[in-house]
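Novice: Next up is a structure, given as structure tokens.
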Amino acid sequence: MSFARSDRAARKLDSLKKAASAFAFVLLAWGVSLRFQQVKTDRNWHSGTGGTPLLKTGAATGVKKQGQSMKKSIIPAALALAVTAAPALAADLSKPVYKAAPAPAVTPAWDVAFGGVVMSDYNFRGVSQSNKGPSGGAYFEPQFTTAAGTFYVGVAGVGINWPSAFSDGSVGLSSPSAEIDFYGGWRNTWGALSLDLGYWYYYYPKEQFNIDSDFWEIYAKVAYAVTPDFTIGANIFYTPDMLNYGAVFANAGFTDKAEAIYASATAKWTLSSAANGVGAFLSGELGHWWIEDGGFINMSFSDPSYTYYNAGIGFTYKALTLDLRYHGTNMNQTDCGAYLLVGTPHATNNWCNDTFIVSLKADTSINALK
Numbered sequence: 003m004s005f006a007r008s009d010r011a012a013r014k015l016d017s018l019k020k021a022a023s024a025f026a027f028v029l030l031a032w033g034v035s036l037r038f039q040q041v042k043t044d045r046n047w048h049s050g051t052g053g054t055p056l057l058k059t060g061a062a063t064g065v066k067k068q069g070q071s072m073k074k075s076i077i078p079a080a081l082a083l084a085v086t087a088a089p090a091l092a093a094d095l096s097k098p099v100y101k102a103a104p105a106p107a108v109t110p111a112w113d114v115a116f117g118g119v120v121m122s123d124y125n126f127r128g129v130s131q132s133n134k135g136p137s138g139g140a141y142f143e144p145q146f147t148t149a150a151g152t153f154y155v156g157v158a159g160v161g162i163n164w165p166s167a168f169s170d171g172s173v174g175l176s177s178p179s180a181e182i183d184f185y186g187g188w189r190n191t192w193g194a195l196s197l198d199l200g201y202w203y204y205y206y207p208k209e210q211f212n213i214d215s216d217f218w219e220i221y222a223k224v225a226y227a228v229t230p231d232f233t234i235g236a237n238i239f240y241t242p243d244m245l246n247y248g249a250v251f252a253n254a255g256f257t258d259k260a261e262a263i264y265a266s267a268t269a270k271w272t273l274s275s276a277a278n279g280v281g282a283f284l285s286g287e288l289g290h291w292w293i294e295d296g297g298f299i300n301m302s303f304s305d306p307s308y309t310y311y312n313a314g315i316g317f318t319y320k321a322l323t324l325d326l327r328y329h330g331t332n333m334n335q336t337d338c339g340a341y342l343l344v345g346t347p348h349a350t351n352n353w354c355n356d357t358f359i360v361s362l363k364a365d366t367s368i369n370a371l372k
């Protein structure tokens, strides 16, 4: 609640205080005057003057005593009332004048988040998706918030350049020019704890050869704010067939699927913002992708499972984020050739190497712009 007392109200308050004090003084003076009148009357009674013969009877004497008793009780009561009421009135008048705070703004149920990114390399879990070259993307995400949490759907797109663009197509991989993602889910926060559950579909348009690389994942993300500035999290993603590699295995006469689980731990430390509004944070991720290796082994590839990590610093200003990040895996060239199903040697075997990536992102929403 906000507090305010204007100069005008203060002047009015002082006037009321003075009026209360004057009222008490008048009552006091009135009481003293009545007392002097009583003393004078008593003298007249004792001297036998100032009254009719009828007032000298016993009945009259009783009336006189009753009147004196009433005066004696009324006057002190009036004085006591004046003395006690004046400070109480002044105390009430000295209380500050409160202004009711405006009603809190109601969070709109509907919102639309959107944004874009440009980056020196599109890296997905430690593996380049753009031939170690620059890429860009954007997303659009309608949201509906209820007492039970926020429900969302979205679409995102990013440019890619896959390894089959450098091969003769003998490995049967597709060669799309973009990755289009369709996703949806639910997220909620309880104090310092937040949870995000969802579904993500990876669609690759204009694929070549006879292979469809589209696949989907379901995911769960949990985060806990240890302090207002430090947050830790855990993520898990599951797919029954990564990159639809089962189709590649089927072309080779095998029935295996590339079932996979990716799990990771994250941490983020938000630094104090500068006076010019620029913020900063440090963050990192450590994860492992467990990939069923049956089909890979049957095709004479090694186990494609690997560990991935990233660490970096970000700078924020309003809706913008400049991110400087180091990405790495524990894969060598042979492992990378297995994961990409291109073998060794191949021009893309360095796509799994450690790399440093710079990205600039813009994220906002319709309600944030109002």
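Taken in order, the sequence shown gives residues 3 to 372; the numbers are from the numbering used here. Where is the CB? At the ideal position from N, CA and C, for every residue including glycine. Treat the numbers as computed from the prediction; the structure is a model and nothing was measured.
Quick check on residue 356: does DSSP put it in helix, strand or coil?
Specialist: coil
Novice: Using 8 Å as the cut-off, can you tell me whether the region 137-148 makes contact with the region 113-128, which would need three or more C-beta pairs spanning the two stretches below that distance?
Specialist: Three or more beta-carbon pairs drawn from the region 137-148 and the region 113-128 are found closer than 8 Å, and the two stretches are therefore classed as touching.
Novice: Who does residue 267 pair with in a DSSP beta bridge?
Specialist: 236 and 288
Novice: Using a 10 Å radius around the Cβ and a threshold of 16 neighbouring Cβ atoms, would you call residue 130 buried or exposed?
Specialist: By the C-beta density criterion, residue 130 is buried, having at least 16 other C-beta atoms within 10 angstroms.
Novice: When the Cα atoms are used, what is the spatial distance from residue 274 to residue 296?
Specialist: 49 Å
Novice: When DSSP builds the beta bridges, which residues end up paired with residue 141?
Specialist: 117 and 158
Novice: Kindly give me the distance between the Cβ atoms of residue 246 and residue 221, rounded to whole angstroms, as I take these residues to be in contact under 8 Å.
Specialist: Going by Cβ atoms, the distance from residue 246 to residue 221 rounds to 18 Å, so no, they are not a contact pair.
Novice: If you check the beta carbons only, do residue 235 and residue 225 fall under 8 Å apart?
Specialist: yes
Novice: So what does DSSP say about residue 299, is it helix, strand or coil?
Specialist: helix
Novice: Does the region 194-212 come close enough to the region 289-308 that 3 or more CB-CB pairs lie under 8 Å?
Specialist: Contact fails: fewer than three Cβ-Cβ distances are below 8 Å.
Novice: Given that a residue counts as buried once 16 or more other Cβ atoms are within 10 Å of its Cβ, and exposed if not, what is residue 343?
Specialist: buried
Novice: Count the other CB atoms, across all protein chains shown, that sit within 10 Å of the CB of residue 260; report buried if there are 16 or more and exposed otherwise.
Specialist: buried
Novice: Return helix, strand or coil for residue 250, following the three-state DSSP convention.
Specialist: helix
Novice: Looking at C-beta atoms only, is the number of pairs between the region 156-163 and the region 182-191 that lie closer than 8 Å three or more?
Specialist: yes
Novice: Check residue 262 in the structure and name its three-state DSSP category.
Specialist: DSSP places residue 262 in the strand class (E or B) of the three-state scheme.
Novice: According to DSSP, simplified to helix, strand and coil, what is residue 331?
Specialist: Reduced to three states, the DSSP call for residue 331 is strand.
Novice: Could you tell me whether the Cβ atoms of residue 373 and residue 117 are closer together than 8 Å?
Specialist: Given that the chain is displayed from residue 3 to residue 372, the structure contains no residue 373 and the question cannot be resolved.
Novice: Whose CA, out of 180, 272, 110 and 227, lies closest to the CA of residue 195?
Specialist: 227
Novice: Using DSSP bridges, identify the partner residues of residue 198.
Specialist: 189 and 223
Novice: Could you name the residues that DSSP lists as bridge partners for residue 318?
Specialist: 281 and 323
Novice: Quick check on DSSP: helix, strand or coil for residue 293?
Specialist: strand
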